[in-house]
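Each protein sequence line maps, in turn, to chains P and H. Numbered according to this note's numbering, the first sequence spans residues 99 to 213. Numbered according to this note's numbering, the second sequence spans residues 15 to 125. Here's the structure we're looking at; comments come further down.
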Amino acid sequence: SAVISQKPSRDICQRGTSLTIQCQVDSQVTMMFWYRQQPGQSLTLIATANQGSEATYESGFVIDKFPISRPNLTFSTLTVSNMSPEDSSIYLCSVDLTGSGQPQHFGDGTRLSIL
Amino acid sequence: DAKTTQPNSMESNEEEPVHLPCNHSTISGTDYIHWYRQLPSQGPEYVIHGLTSNVNNRMASLAIAEDRKSSTLILHRATLRDAAVYYCILRDPYNNNDMRFGAGTRLTVKP
């Protein structure tokens, strides 16, 4: 099991600004994932962040809009850049403890509203 | 990517068993079947997973069809706290190893 902490838990931001979301894990993990959950919708994978390499983005998500850092095995950040109301969502990080098909563990997400 | 199909919603009475179905007709030989649930205002929570054989844990049971093209999550005695969205996900540890969420099944438990 793993304990995942996300900060902030929620925020209200002005359009055009950027926000960095932090994800801290209580153990070292190789694979971390970032998801977006739009209101009333399911989760959509944004990118996979492995320590020591560039993040891999899914179709429809680009690095300029969602830059990701992965400086060590317990921490990652996701920045939502130049925000618009369409970016209002819950952003979640998850980790894969073993990278072998075992369960992923999720944080409780960052609820982001853009005015 | 192999996809899953689940009913949009289901209802159950408290203390009764619940069978949540999932179809995955295009499953590959290396896909694991994972179930997660998401309670209101929380991130998804792991429930159970399996490859070929039926699996049991303290939360639920997973029944996997012999041809692996469908599976059923079984909650033996539903409680009000089991009300959540349940996601059936295929995950291939040898190919990307990421998880793609479908729409899931919203389970309502009536007292």
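Yeah, the Cβ is synthetic: ideal placement off N, Cα and C, and Gly gets one too.
So which residues of chain H does residue i contact, with C-beta pairs closer than 8 Å?
{"i": "glycine 205(P)", "result": "Gly57"}
Could you tell me which chain P residues have their CB closer than 7 Å to the CB of residue i, listed as they occur along the chain?
{"i": "aspartate 96(H)", "result": "Chain P residues near aspartate 96(H): none, gap ~18 Å exceeds 7 Å."}
Does the beta carbon of residue i sit closer than 8 Å to a beta carbon anywhere in chain H?
{"i": "serine 140(P)", "result": "yes"}
{"i": "leucine 210(P)", "result": "no"}
{"i": "threonine 146(P)", "result": "yes"}
{"i": "glutamine 149(P)", "result": "no"}
{"i": "leucine 190(P)", "result": "yes"}
{"i": "proline 106(P)", "result": "no"}
{"i": "asparagine 137(P)", "result": "The residue asked about is misnamed: residue 137(P) is proline in this sequence, not asparagine. No, because no Cβ of chain H sits closer than 8 Å to the Cβ of proline 137(P)."}
{"i": "glutamine 120(P)", "result": "no"}
{"i": "proline 201(P)", "result": "yes"}
Any beta carbon from chain P within less than 8 Å of residue i's own beta carbon?
{"i": "glycine 118(H)", "result": "yes"}
{"i": "histidine 3(H)", "result": "Because chain H is modelled from 15 through 125, residue 3(H) falls outside the range shown and cannot be assessed."}
{"i": "tyrosine 60(H)", "result": "yes"}
{"i": "histidine 33(H)", "result": "no"}
{"i": "histidine 48(H)", "result": "yes"}
With 16 other CB atoms within 10 Å as the buried threshold, where does residue i fall?
{"i": "threonine 119(H)", "result": "buried"}
{"i": "glycine 205(P)", "result": "buried"}
{"i": "histidine 48(H)", "result": "buried"}
{"i": "tyrosine 133(P)", "result": "buried"}
At 9 Å on the CB atoms, spell out the chain H contacts of residue i, in chain order.
{"i": "phenylalanine 131(P)", "result": "Asp112 and Met113"}
{"i": "leucine 143(P)", "result": "Asp112, Met113, Arg114 and Phe115"}
{"i": "proline 169(P)", "result": "Simply none; closest approach about 21 Å."}
List, in order along the chain, the chain H residues whose C-beta lies closer than 7 Å to that of residue i?
{"i": "glutamine 262(P)", "result": "Outside the displayed span of chain P (99 to 213) sits residue 262(P), for which this structure offers no information."}
Check the Cβ-Cβ distances between residue i and every residue of chain C, and say whether any is below 8 Å.
{"i": "cysteine 36(H)", "result": "In the structure shown, chain C does not exist; the protein chains are P and H."}
- Item | Three or more C-beta pairs below 8 Å linking the region 185-194 of chain P and the region 20-38 of chain H | Under the 8 Å Cβ criterion, the region 185-194 of chain P does not count as touching the region 20-38 of chain H, having fewer than three qualifying pairs.
- Are three or more beta carbon pairs between the region 48-64 of chain H and the region 98-111 of chain H nearer than 8 Å? Under the 8 Å Cβ criterion, the region 48-64 of chain H counts as touching the region 98-111 of chain H, having at least three qualifying pairs.
- Task: Report yes or no: do the region 169-184 of chain P and the region 83-93 of chain H share at least 3 C-beta pairs separated by less than 8 Å?
- Result: no
- Item | Unbroken stretches of the beta strand (DSSP E), 3 residues or longer, contained in the region 147-175 of chain P | 166-170
- Do the region 155-172 of chain P and the region 120-132 of chain P meet, that is, are 3 or more Cβ pairs less than 8 Å apart? yes
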